[in-house]
Amino acid sequence: MLIVSVILGLCAGSFALAFTMRLFDGRDWVKGRSECENCHHELQWQDLIPLFSWLSTGGKCRYCNKSIGLTYPLVELGAGVLFGVSYAFWPYGFSKIGVLIFSLWLVILTLMISLIIFDLKWQILPDKVVYTLIGLALASKITQVFYFQDFSRVFGLLLGVTVGSGIFALLYFLSKGKYIGGGDVKYGIFFGVLLASGFKSLLVISIGSLLGTLVVLPSLLSKKSKLNAQIPFGPYLIIATIIVYLFGDKLVDLLTTFYLFP
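Taking the numbering used here, the leading residue of the sequence shown gets 5, the next gets one more, and so forth.
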């Protein structure tokens with residue numbers, strides 16, 4: 005099943021790219037056909053095999069011979085790795101309810117990959133995608149609440165949303181949108197619902213900030229970037245969300261063991 009998960013991930017990465025490009029261009033992402041971004045030639049089935057299509061043509065369009073670039077194989081590989089890691093370290097088991105939640109998670113993960121592409125390319129987190137993620141996260145949590153008859157999770161959900169979106173909302177209003185965008189506030193609602201824990205929401209913000217600092221700081225120190233340069237925060241938050249969703253309980257236990265949060 006691990007291999008199947010990786011293959012599904014490769015396909016999901018390919019879909020996430022096509023979905024992102026079509027949504028940004030305003031094209032029909034359901035009925036629209038994939039095409040070369042340069043010559044606009046409609047792609048055939050052999051052009052749509054994740055990773056292998058890129059390798060077979062040497063990273064070039066088979067119709068206009070222009071370089072496709074590394075974006076496609078990197079996204080497909082990244083998605084394959086994320087799907088594989090999700091299966092290998094799935095924290096909810098694979099009972100009937102576990103399989104259902106896992107299926108929802110893979111859809112959520114695909115849309116999160118799309119958000120990373122959106123934010124890196126255009127520095128936006130589209131409402132359509134974020135609201136869909138919130139709906140899927142709600143569906144996952146409501147399923148768990150009723151299946152396990154554990155209504156205390158509702159309180160955790162509310163606390164997670166309060167922390168996740170509240171901190172970003174405060175920063176947004178204090179900076180008048182200069183440092184935090186409205187999309188980050190809405191994304192905070194999503195991971196607050198998904199994690200249903202105020203502490204885990206705080207972990208996402210902390211890990212996301214740390215990742216962002218580690219990536220951006222060398223560029224600032226080398227003066228390749230300016231302090232007032234716009235830097236997308238979304239990708240780091242999304243990666244942090246994935247880490248906390250899959251390993252959050254272990255991280256909480258680890259921190260508790262070291263008496264950082266008694």
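Cβ atoms here follow ideal geometry from the backbone N, Cα and C, with glycine treated the same way. Since this is a predicted model, take the numbers as computed values, not measurements.
DSSP beta-bridge partners of residue i
i	result
K64	S71
E46	E39
Contact set for residue i: own chain, Cβ-Cβ below 7 Å, skip 5 residues either direction
i	result
F195	G168, S205, V208 and T245
W109	S90
W58	I72, Y76 and P77
A200	K145, R157, G160, L161 and G164
N42	C65, C68 and K70
I242	M116, L119 and I120
L55	L14, P77, E80 and L81
Own chain residues within Cβ distance below 6 Å of residue i, not counting five before or after
i	result
L12	F87
A22	S38
S9	F87, G88 and Y91
G192	G168, S169 and F172
A4	Because the chain is modelled from 5 through 266, residue 4 falls outside the range shown and cannot be assessed.
I105	Y96 and S144
V189	S169, F172, A173 and Y176
F251	none
Residue burial classification, residue i (beta-carbon count within 10 angstroms, cutoff 16)
i	result
T24	buried
P239	buried
V248	buried
V103	exposed
S118	buried
F150	exposed
G181	exposed
I7	exposed
M5	exposed
G139	exposed
G100	Checking the sequence, you will find Lys at residue 100 rather than Gly. That one is exposed.
S107	exposed
S144	buried
P222	exposed
D154	exposed
G62	exposed
G202	buried
L214	exposed
D32	exposed
L225	exposed
D253	exposed
F262	exposed
G30	exposed
D257	exposed
L178	exposed
F19	buried
Three-state secondary structure (DSSP) of residue i
i	result
L113	helix
P77	helix
G30	coil
Y91	helix
S118	helix
Y1	Only positions 5 to 266 of the chain appear in this structure, which leaves residue 1 out of reach.
F262	coil
P130	coil
L52	coil
I235	coil
M5	coil
D154	coil
Chain-order list of residues whose beta-carbon lies under 8 Å from that of residue i (same chain, five-residue window excluded)
i	result
K132	L27
I184	F172, L175, Y176 and F237
V219	Y240
T136	L115
I112	L137, L140, A141, S144 and L198
L129	L119, F122, D123, G185, G187, D188, K190, Y191 and G238
Beta carbon proximity, residue i to chain D, threshold 8 Å
i	result
F152	Any reference to chain D falls outside this structure, which holds one protein chain only.
Problem set entry | Continuous beta strand (DSSP E) assignments of at least 3 residues falling wholly in the stretch 178-223 | Listed in chain order, there is nothing to give.
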